[in-house]
Amino acid sequence: MFFKRYSKKQEGIIRFYDMHSPLVKVATILIFIACVIMIVISLFPSIWVVLGSFKDIREFRREQSLLPSSYDFGKFIKTWGDFKFMKFYINSMISVAGSIFCAILFNGLIAYSLSILKPKGGNIVLGMILWSLLIPATTSIVALYVNINSIGLNQSFIPLWLSFGANAFYVVLFKQFFDSIPREYFEAATIDGCSDLNVFFMILMPISKSIIIVVCIFAVTAAWSDFLLPYLLLSGSTKETVMVRLFQFRTSHATDVEILRAIVFSVIPPTILFILFQKQITDGVTAGGLKG
């Protein structure tokens, strides 16, 4: 019964006729068991956090059982109200929304210029973009913070948005996808009198929905989980994001269990996003080589 699913399998290295070999069957079962073990190991920390958040502080510190004695969702509602999480959720949503817009617009325009317009010196610019992928982002955080302060953009969402509008990885994704689009589309638009910007917004963007979705997913997960730059820029203001607020709990009067509940609130949006768009996320690395 387990191996019948291979009769209609169209991809992968194991085909249905391979199942006639007992050695292949045993190897397949062992691989399956290994995958299940890795899944359990990967999910256990999240499961522990969720189950631990149902406990009270006494049960959490004294009981060694993984399962709580009761499942009272009222504790989550109380923690949400006590920590005013809605405010920080809204701040994070603002940060995410602006990051998505800048990630698509600015990186898309750069990739459009390098892939379609091909200006002089474009290869040099592309080489610098690829070279920047080798530099850890934290190495430039001090210079970035000093420059942001010097122009008065601290305690603002704008630097967070612009940081996603200058992302080399997104430029590479866009460029690889644009390279696969037939040039006849752009030639026809140019003959009809479209300007370069009109070609980008009216022709290129509508046929690039697949790569735009991929970039949006990456931008949402990155912007939501970003901590260092929002902490440097927004700490002490009224615009703190969820991740900054979580870090600040270490100096608050919150109990360990309340912090666990806050962590659960912080992982809900990216978890929902992964469940809804897991196929696009797993295919994101290769999406740049597919035609729209």
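Numbering of the sequence shown is given in my numbering, commencing with residue 1167 and proceeding in unit increments. Even glycine gets a Cβ: it sits at the ideal position worked out from N, Cα and C. Just so it is clear, the structure is predicted and the values come from calculations on it, not from any experiment.
Whole angstroms is fine: what's the gap from residue i's alpha carbon to residue j's?
i: Ile-1438; j: Gly-1287; result: 43 Å
i: Thr-1421; j: Pro-1325; result: 33 Å
i: Phe-1330; j: Lys-1250; result: 28 Å
i: Met-1252; j: Leu-1319; result: 25 Å
i: Thr-1404; j: Ser-1236; result: 36 Å
i: Tyr-1397; j: Phe-1413; result: 9 Å
i: Asp-1222; j: Val-1423; result: 7 Å
i: Ile-1317; j: Pro-1372; result: 36 Å
i: Ile-1203; j: Val-1312; result: 46 Å
i: His-1419; j: Asn-1315; result: 31 Å
i: Arg-1427; j: Pro-1285; result: 52 Å
i: Val-1206; j: Glu-1225; result: 24 Å
i: Ile-1290; j: Ser-1187; result: 54 Å
i: Lys-1241; j: Ile-1425; result: 12 Å
i: Asp-1248; j: Thr-1387; result: 26 Å
Kindly give me the distance between the Cβ atoms of residue i and residue j, rounded to whole angstroms, as I take these residues to be in contact under 8 Å.
i: Leu-1232; j: Leu-1209; result: That belief does not hold up - the Cβ atoms of Leu-1232 and Leu-1209 are roughly 13 Å apart, past 8 Å.
i: Ser-1265; j: Trp-1214; result: Contact doesn't hold; Cβ gap of about 30 Å is too wide.
i: Ser-1401; j: Val-1410; result: 6 Å
i: Leu-1296; j: Lys-1341; result: That belief does not hold up - the Cβ atoms of Leu-1296 and Lys-1341 are roughly 10 Å apart, past 8 Å.
i: Ile-1270; j: Val-1338; result: Rounded, the Cβ-Cβ distance is 15 Å, inconsistent with contact.
i: Ser-1219; j: Val-1430; result: 5 Å
i: Val-1433; j: Ser-1212; result: 7 Å
i: Leu-1370; j: Phe-1344; result: 7 Å
i: Ile-1282; j: Phe-1352; result: 6 Å
i: Leu-1399; j: Gln-1321; result: 6 Å
Quick check on the burial criterion: 16 or more other C-beta atoms within 10 angstroms. Buried or exposed for residue i?
i: Ser-1393; result: For clarity, residue 1393 is Phe in the given sequence; the question names Ser instead. Result: exposed.
i: Ile-1441; result: exposed
i: Ala-1200; result: exposed
i: Phe-1239; result: exposed
i: Pro-1348; result: exposed
i: Ala-1389; result: buried
i: Arg-1227; result: exposed
i: Gln-1444; result: exposed
i: Glu-1406; result: buried
i: Ala-1385; result: buried
i: Pro-1234; result: buried
i: Phe-1323; result: buried
i: Ile-1383; result: buried
Segment contact, 8 Å Cβ cut-off, at least three pairs: the region 1364-1377 with the region 1264-1280: yes
Segment contact flag, the region 1355-1363 with the region 1299-1313, C-beta cutoff 8 Å, min 3 pairs: no
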